[in-house]
Amino acid sequence: MNIFKLFKIALTALSLNVMRSILTMLGIIIGVSAVIIMVAIGAGAQQEVDAQLEAMGSNVLMIFGGWNNRGGGGTAAVATLQDKYAQMMIDELYGIEAATPYVSGRAQIIFGNLNWSADVLGTTNDFFVTKNWNLLEGREFTAAEMNSGERVALIGTIIRDELFGASNPIGQSIRVGTFNATVIGVLEEKGPDARGSDQDDVVVMPLKTVRNKVTGINRNNPNSVSYLEVKGSDTVSMTYLEEEIDNLLRQVMKVAPDAERDPFRILDQAERIESRAETQAIFNTLLAAVASVSLIVGGIGIMNIMMVSVTERTREIGLRMAIGAKPDDILNQFLVEAITLCGVGGLIGVGIAYGVTYVMETYFDMVTLINPEIVLISIGFSALIGVFFGYYPALKASKLQPIDALRYE
Amino acid sequence: MTEPVIRTTGIRKAYHMGDQTLWALDGIDTVIEPGEFVAVMGPSGSGKSTYMNMIGCLDAVTEGQVYIDGNEVSSYEPNELASIRNEKIGFVFQQFNLLARTSAEDNVKLPLLYSQTPEEEWTERAMRCLDRVSLSDRVDNQPSQLSGGQQQRVAIARALVNDPVMILADEPTGALDTSTTQEIMALFQELNENGTTIILVTHEPEVAAYAKRQLIFRDGHLVSDELTANRVSLDIEDASLITDPAQLG
Chain U
26 MNIFKLFKIA
36 LTALSLNVMR
46 SILTMLGIII
56 GVSAVIIMVA
66 IGAGAQQEVD
76 AQLEAMGSNV
86 LMIFGGWNNR
96 GGGGTAAVAT
106 LQDKYAQMMI
116 DELYGIEAAT
126 PYVSGRAQII
136 FGNLNWSADV
146 LGTTNDFFVT
156 KNWNLLEGRE
166 FTAAEMNSGE
176 RVALIGTIIR
186 DELFGASNPI
196 GQSIRVGTFN
206 ATVIGVLEEK
216 GPDARGSDQD
226 DVVVMPLKTV
236 RNKVTGINRN
246 NPNSVSYLEV
256 KGSDTVSMTY
266 LEEEIDNLLR
276 QVMKVAPDAE
286 RDPFRILDQA
296 ERIESRAETQ
306 AIFNTLLAAV
316 ASVSLIVGGI
326 GIMNIMMVSV
336 TERTREIGLR
346 MAIGAKPDDI
356 LNQFLVEAIT
366 LCGVGGLIGV
376 GIAYGVTYVM
386 ETYFDMVTLI
396 NPEIVLISIG
406 FSALIGVFFG
416 YYPALKASKL
426 QPIDALRYE
Chain X
4 MTEPVIRTTG
14 IRKAYHMGDQ
24 TLWALDGIDT
34 VIEPGEFVAV
44 MGPSGSGKST
54 YMNMIGCLDA
64 VTEGQVYIDG
74 NEVSSYEPNE
84 LASIRNEKIG
94 FVFQQFNLLA
104 RTSAEDNVKL
114 PLLYSQTPEE
124 EWTERAMRCL
134 DRVSLSDRVD
144 NQPSQLSGGQ
154 QQRVAIARAL
164 VNDPVMILAD
174 EPTGALDTST
184 TQEIMALFQE
194 LNENGTTIIL
204 VTHEPEVAAY
214 AKRQLIFRDG
224 HLVSDELTAN
234 RVSLDIEDAS
244 LITDPAQLG
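Sequence order for the protein chains is U and X. For any residue, its number in our numbering is found by taking its place in the first sequence, counting from 1, and adding 25. For any residue, its number in our numbering is found by taking its place in the second sequence, counting from 1, and adding 3.
Spelled out as structure tokens, the structure:
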């Protein structure tokens, strides 16, 4: 008997008991949608992490000044780092592609009658390398501008959108806090960083300009910077580089060998994001595993109903055998019924998963990602569950003797 | 030369009850030729149902041979038996055994599902058989919308649909009242007039009286094989005169 006939028979039989069929499918529906949703949440989180890593650039270490415990339990960076350390690291250490010092502050940005508060970052052209950033339009700083601390600025896309709208910002003069600066370029969009704050909401200026006019010079340490970023080449391991930098800085900053803590901190941001992502992945795998248990439970539900169905339809089976159904025809009929239940349940589950992830994205601002492979695997797996849990009842039906089945009361 | 529809040679069937062996059939030799109308009679426990199961290929013999239309089915595998049941035998049961919530037409088509008949011919064949049992106007009705007699006629149409060599009816009137019984028996007689071999299993002499020949079983033995002495003969018109139209629904 061909497969289309079998599916027709199965659909007819199932449609005679619509309510029961739907209730039977419920286990599979819930199982499949739960698995897909869990995996989609996991994949979405992974995608976010990947985007963050991509934006950050690989092989980057951040070096902050020493941490000071404050009364309230909070911590603050102390200005112990100097801008010359950047060049020092490049000179002394092997495997460094770029080292960039940063001075960061905050200022009110004004253009015309528009007013916007933004991060102001003072740095060198090296930041393009360490932050893995590019210009959307305009130009980099010139050496002269950096040396003399000219009032020139590169702006992030958010600043451009907020202050200039559609008009061209290049060459325009904006007010940064207390002084005017000329916009010489726009940075390409970068999205939120690992902590979720938007990196495009920024004005980048030469280091000297920001130190002199925005943050002010620290009397105790006139060459201080907020932090440094070091990009290692692909040939060195980050652990090695971290150790080397640690040694160098301890030397330069004259840290006593028995000092309780360093006056600086080296942070491998990528590693942190990755380890957080790993924790998240384990958690998601666990959730998906729990969800797949519900698939199995759904399969047992299918088996249960198929057993009832075989018993209930014993006379029908007897009749079918009497009029010429072979044992295999009966086996296939019930097997296909189970597979159809699971397959249709799986499809409905996929539909629900799409609906739920849409709601999560639209109303709860979550990132989810449904892989076509996961959808296919789920449907295939649920059909497999149909075969697995449908086989025993179907076999039981096919093993009935026609004469006993016909006489069954 | 035409083969007999059924030939049995020395068939025996044993049932085991603990360490006792009970011979439900004990050496039965029968020949039924095409075109016959045979009633298989006997009280319960006589072996008539066992005999029907043997010639209906529903159960296996312990000893002896069963030939259906020249095929020695006693040596067949379950799948081959299924094919014989499908092609050679049309079953009619006491409880009709129609599929619930399924139209008369689809019920009649059921045996075609397991046959080699091309699907294009199904509807035409089902309609022709429903016409032969005078139910052309009820093709879309489900069993619950049909009277007992009509349901049994759907079952007879189903038995006819694969052009079997015989119809094997197991107490076909057992669940019907007297007038409907007459209606069904008249239908069997008419089908037989047109060449269909009919084997009827019954314990009621009144029903057996419609057949041309009567086999009587007792304690596993065939005790009598005679032509019907005073055969009741009805044609459809006579039957419908007797039948109260109200009962036909």
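In this text, a Cβ means the ideal position worked out from N, Cα and C, and glycines have one as well.
For residue i and residue j, I'd like the C-alpha separation in whole angstroms.
i       : j       : result
V64(U)  : F204(U) : 51 Å
L230(X) : A211(X) : 11 Å
D353(U) : L344(U) : 15 Å
E214(U) : A143(U) : 15 Å
I180(U) : L51(U)  : 54 Å
G241(U) : V235(U) : 8 Å
P121(X) : M331(U) : 31 Å
E170(U) : E122(U) : 23 Å
W158(U) : R275(U) : 30 Å
I55(U)  : L320(U) : 7 Å
V111(X) : L31(U)  : 18 Å
E6(X)   : S334(U) : 42 Å
E209(X) : G151(X) : 19 Å
I201(X) : I87(X)  : 16 Å
T365(U) : T49(U)  : 11 Å
G69(U)  : T304(U) : 15 Å
R178(X) : T126(X) : Note on residue identity: the sequence assigns Ala, not Arg, to residue 178(X). When rounded, the distance between both Cα atoms is 29 Å.
Y110(U) : V85(U)  : 16 Å
R432(U) : V375(U) : 43 Å
E162(U) : F153(U) : 14 Å
So which of the options has the shortest CA-CA distance to residue i?
i       : options                               : result
G370(U) : L41(U), I47(U), Y252(U) and L160(U)   : I47(U)
K119(U) : D259(U), V60(U), L420(U) and L161(U)  : Lys is not the amino acid found at residue 119(U); the sequence shown has Tyr there. Among D259(U), V60(U), L420(U) and L161(U), the Cα nearest to that of Y119(U) belongs to D259(U).
S423(U) : L356(U), A430(U) and I404(U)          : L356(U)
E254(U) : L292(U), G374(U), E398(U) and T37(U)  : L292(U)
T184(X) : I219(X), L237(X) and E36(X)           : L237(X)
S227(X) : G45(X), A27(X) and K16(X)             : G45(X)
M169(X) : L149(X), N197(X) and T181(X)          : N197(X)
L232(U) : N172(U), R131(U), I395(U) and G163(U) : N172(U)
S198(U) : V208(U), G190(U), A191(U) and I134(U) : V208(U)
Q98(X)  : T176(X), R104(X) and S47(X)           : T176(X)
A132(U) : R200(U), I402(U), S83(U) and Q358(U)  : R200(U)
L420(U) : M328(U), P397(U) and A408(U)          : M328(U)
L312(U) : I66(U), N245(U) and P194(U)           : I66(U)
Given residue i, which residues of its chain have a CB within under 8 Å of its CB, disregarding the five upstream and five downstream residues?
i       : result
N233(X) : A212
M113(U) : L273 and V277
I71(X)  : V8, I9, I58, C60, I87, K91, I92 and V168
Taking 7 Å as the threshold (beta carbon to beta carbon), is residue i in contact with chain X?
i       : result
L41(U)  : yes
I428(U) : yes
F29(U)  : no
Is residue i close to chain U? Criterion is C-beta to C-beta, closer than 7 Å.
i       : result
P121(X) : no
N74(X)  : no
L225(X) : no
R104(X) : yes
Y213(X) : no
N82(X)  : yes
D166(X) : no
A85(X)  : yes
P46(X)  : no
P37(X)  : no
P114(X) : yes
Y18(X)  : no
Y79(X)  : no
What residues in its chain sit with their C-beta under 7 Å from that of residue i, if we drop five residues either side in the sequence?
i       : result
V280(U) : D287 and P288
D62(X)  : N56
A214(X) : F40, V41, A42, L203 and T231
G32(X)  : First, the residue type needs correcting, since residue 32(X) is Asp and not Gly in the sequence shown. Counting only Cβ-Cβ distances below 7 Å, and skipping sequence neighbours, we find T11, T12 and G13.
V69(X)  : T11, I14, M57, I58, V76 and S77
V250(U) : L106, Q107, D108, P126, Y127 and V128
I428(U) : none
Apart from the five residues just before and just after residue i, which ones in its own chain have a Cβ nearer than 6 Å to its Cβ?
i       : result
E73(U)  : V392
Y388(U) : none
A378(U) : S58, I61 and I62
Of all Cβ atoms in chain C, is any one closer than 7 Å to the Cβ of residue i?
i       : result
P146(X) : Given the protein chain composition of this structure (U and X), no chain C is represented.
*Give the residues from the region 63-80 of chain U that approach chain X closer than 7 Å (Cβ to any Cβ), ordered along the chain.*
none
*What residues from the region 88-103 of chain X come within 9 Å of chain U, judged by C-beta to C-beta, listed N to C?*
R88, N89, E90, I92, G93, F94, F96, Q98, N100, L101, L102 and A103
*asked:* Any C-beta of chain X within less than 9 Å: which residues of the region 338-359 of chain U qualify?
replied: R340, E341, G343, L344, R345, M346, A347, I348, G349, A350, K351, P352, D353 and D354
*Contacting positions in the region 50-71 of chain X - beta carbon closer than 7 Å to chain U*: N56, L61 and D62
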